[in-house]
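Undergrad:
In the working numbering, the protein residues as written are 58 to 216.
#1: Taking the straight line between their C-alpha atoms, what separation do you get for residue 139 and residue 92?
#2: Just to confirm, is the Cβ distance from residue 74 to residue 84 under 9 Å?
#3: Do the segment 168-184 and the segment 101-110 make contact, defined as three or more Cβ pairs closer than 8 Å?
#4: Using 9 Å as the threshold, is the C-beta distance between residue 133 and residue 161 below it?
#5: Over what stretch of residues does the alpha helix (DSSP H) that includes residue 147 continue unbroken?
#6: Would you decide whether residue 136 is buried or exposed? Buried here means 16 or more other CB atoms lie within 10 Å of its CB.
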């Protein structure tokens with residue numbers, strides 16, 4: 058099973074962990090643990106991607122993890138935590154190339170998360186504008202009714 062990665066990560070991790078005074082078994086355990094975590098995160102991102110495209114489960118519920126976008130934010134934050142750990146590990150073992158790659162990806166992840174948060178705020182503002190427009194239209198229709206006995210927007214009595 059050892060060596061199932063594109064580059065020979067086993068030898069690299071063995072050298073890294075020996076620098077830290079840890080055994081090869083610990084290195085292999087962490088290598089496979091990180092791989093499993095990355096695979097799980099990848100499947101969560103795929104789920105979010107396909108669900109947003111194909112509109113699976115048409116009932117959009119703001120109380121669900123998907124509807125409130127909680128799962129989106131948690132996935133981003135867990136990915137950021139994982140990449141912070143990668144950068145910290147790269148600093149511990151002194152691998153500048155891996156540190157550069159992980160830091161670059163981490164910055165891209167932060168920019169993506171920022172854009173995601175901005176899109177959420179834009180959608181909330183659009184929702185509030187739609188609600189305000191709907192209530193304004195409802196009041197206008199009520200004011201056009203012959204049974205309406207109220208005030209117009211300037212506060213003058215219509216009776």
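All C-beta atoms in this analysis are idealised placements derived from N, C-alpha and C, irrespective of residue type, glycine included.
TA: On the basis of the data shown:
#1: Reading the chain shown from its first residue, position 82 is the one you call residue 139. Reading the chain shown from its first residue, position 35 is the one you call residue 92. Straight through space, the alpha carbons of residue 92 and residue 139 are spaced by roughly 11 Å.
#2: As a working mapping, residue 74 is identified with position 17 in the chain shown. As a working mapping, residue 84 is identified with position 27 in the chain shown. For residue 74 and residue 84, yes; Cβs fall inside 9 Å.
#3: no
#4: If you number the chain shown from 1, residue 133 lands on position 76. If you number the chain shown from 1, residue 161 lands on position 104. Cβ atoms of residue 133 and residue 161: not closer than 9 Å.
#5: The residue labelled residue 147 in the question sits at position 90 within the chain shown. 127-150 is the extent of the alpha helix (DSSP H) around residue 147.
#6: Here residue 136 refers to the residue found at position 79 when the chain shown is read from its first residue. The C-beta of residue 136 has 16 or more other C-beta atoms within 10 Å across all chains shown, which makes the residue buried.
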